[in-house]
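K.L.:
Before I ask anything, here is the structure I am working with.
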Amino acid sequence: MRGIRLGLAIALLMSGGSAQAAAGGHEARLERPAERSRLVVHNLLWQCDGQRCVAAGQSDSRPVIVCMALAQELGTVLDFATGGKSLDAAALARCNARRDDKASVSSR
1 MRGIRLGLAI ALLMSGGSAQ AAAGGHEARL ERPAERSRLV VHNLLWQCDG
51 QRCVAAGQSD SRPVIVCMAL AQELGTVLDF ATGGKSLDAA ALARCNARRD
101 DKASVSSR
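Written out as structure tokens, the structure reads:
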């Protein structure tokens, strides 16, 4: 199943992932530029260019859960949208909360 999802994500990216991310996929703006241009997070193939990352396709998870997974992998997420609909401030705070909790524990 994971291979099928990855294959679909790759096919969608090759057919104009940025436009499709806005239409039905995910788009994020990070606090810091991503170190990798392509990575798989939460069974989605993300393509990053600087602080902007997009993933074509859909997830079975709620958008805030996908955002949390991305924040765990790439750092603080400043904006996150699924299907063109952005997370509100409260959901974005939840997205980054687990990451912030881990950072404060590791700095002790």
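So the sequence shown is numbered by this note's numbering: it starts at 1 and just counts up by one.
Virtual Cβ for every residue (Gly too), placed ideally from N, Cα, C.
With DSSP as the reference, identify every bridge partner of D49, one or two as the case may be.
P.N.:
Bridge partners of D49: R52.
K.L.:
To the nearest angstrom, how far is it from the Cα of C53 to the Cα of S59?
P.N.:
If I take the Cα positions, the gap works out to 16 Å.
K.L.:
Can you tell me which of the three DSSP states L87 falls into?
P.N.:
L87 falls in the coil class under three-state DSSP.
K.L.:
On the three-state DSSP scale, how would you describe R94?
P.N.:
Looking at R94 - three-state DSSP - the assignment turns out to be helix.
K.L.:
Measure the alpha-carbon distance for M68 versus G57 and round it to whole angstroms.
P.N.:
So the two alpha carbons sit approximately 17 Å from each other.
K.L.:
Is the distance from the Cβ of E27 to the Cβ of A81 below 8 Å?
P.N.:
In contact: E27 and A81 (Cβ atoms closer than 8 Å).
K.L.:
Look at V66 and R94 and say whether their C-beta atoms are less than 8 Å apart.
P.N.:
Contact flag unset, no.
K.L.:
What's the gap between the Cα of S86 and the Cα of L78?
P.N.:
Approximately 11 Å, taken between the alpha carbons.
K.L.:
Quick one: what's H42 bridged to in DSSP?
P.N.:
Paired residue(s): none; H42 is not in a bridge.
K.L.:
Which residues in the same chain have their Cβ closer than 6 Å to the Cβ of C48, if we skip the five residues on either side of it in sequence?
P.N.:
Excluding positions up to five away in sequence, the list reads A34, S37.
K.L.:
Return the residue from the list E31, G25, G84 that minimises the CA-CA distance to A71.
P.N.:
Answer by Cα proximity: E31.
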